[in-house]
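Numbering (my numbering) for the sequence shown: 7 to 149. In this text, a Cβ means the ideal position worked out from N, Cα and C, and glycines have one as well.
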Amino acid sequence: MANIMIVYDSLRGNTQRVVNALEELLAAGGHTVKAVKPKAVDTAEVEAADCLLIGGPTYHKSLIKTLEPVLFQLEKVDLKGKKGAAFASFGWSGESLGIIEDTMKNLYEMDLVAPGIKVKQTPVAAKAKKAVEPFAAKILEAL
Ligand SMILES: Cc1cc2nc3c(=O)[nH]c(=O)nc-3n(C[C@H](O)[C@H](O)[C@H](O)COP(=O)(O)O)c2cc1C
């Protein structure tokens, strides 16, 4: 059983639906999952996790502002070789995914166990879940 940490933010609920689906699918695989927004990030908890997922939406062709300081905060944590993956919610361009994924790969030197996913904004939880299923399956395979 692995300890999975999800660090994310969501302004209007779309990324939240992705996170809810991830929590459900990964917990169903027998793992402990904890999802936190920027203010609740505890670096010791992140360091202790077996797997770290980071996700956030795109606003004005960039990462949601509230996640930027978290990416700096996590630079101080030893994440080298830790399993992880990035995810994003988007409307039409989705730049946030590349920003998060590049940081995880190049700065943190994490072991990205699944290619990042961009989930198109939707108010329908079932649609978000369906979009997330193959991503969650890859993560489960790697744990
Ligand atoms: C003011 C505004 C700007 C946005 N800018 C972009 C953008 O540049 N590219 C994009 O793909 N989506 C953009 N979006 C869409 C959001 O990324 C999308 O709605 C996302 O699902 C929001 O996630 P959240 O509900 O978790 O905050 C924008 C939405 C708003 C309201």
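Which whole-angstrom value is the C-beta distance of residue i and residue j, which I expect to be below 8 Å?
| i | j | result |
| --- | --- | --- |
| Met110 | Leu118 | 6 Å |
| Val52 | Ile10 | About 11 Å separates the two Cβ atoms, so there is no contact after all. |
| Val25 | Ala8 | With a Cβ gap of about 17 Å, Val25 and Ala8 do not count as contacting. |
| Pro44 | Val83 | No, Pro44 and Val83 are not in contact; Cβ-Cβ is about 14 Å, not under 8 Å. |
Give me whichever residues DSSP pairs with residue i in a beta bridge.
| i | result |
| --- | --- |
| Pro63 | Ser95 |
| Gly90 | Leu58 and Leu118 |
| Ser68 | Tyr65 |
| Ile123 | Phe93 |
Work out the CA separation of residue j and residue i for me, nearest whole Å.
| i | j | result |
| --- | --- | --- |
| Ala134 | Ser68 | 21 Å |
| Glu139 | Tyr65 | 25 Å |
| Lys88 | Met116 | 5 Å |
| Gly97 | Leu80 | 27 Å |
| His37 | Asp56 | 10 Å |
| Ala92 | Asn112 | 13 Å |
| Ala142 | Glu29 | 9 Å |
| Ile123 | Gly62 | 11 Å |
| Thr49 | Ala131 | 30 Å |
For chain B, find out if any of its Cβ atoms is closer than 8 Å to the Cβ of residue i; answer yes or no.
| i | result |
| --- | --- |
| Asp56 | The structure shown contains no chain B; it is built from a single protein chain. |
>> Any residue with its Cβ nearer than 7 Å to a heavy atom of ligand 1 should be included. What is that list in chain order?
In response: Ser16, Leu17, Arg18, Gly19, Asn20, Thr21, Gln22, Pro63, Thr64, Tyr65, His66, Lys67, Ile70, Ser95, Phe96, Gly97, Trp98, Ser99, Gly100, Glu101 and Gln127
> Where in the segment 7 to 65 do unbroken runs of the alpha helix (DSSP H), each at least 4 residues long, occur, reported from the N-terminal end onward?
Replying inline: 20 to 34 and 49 to 54
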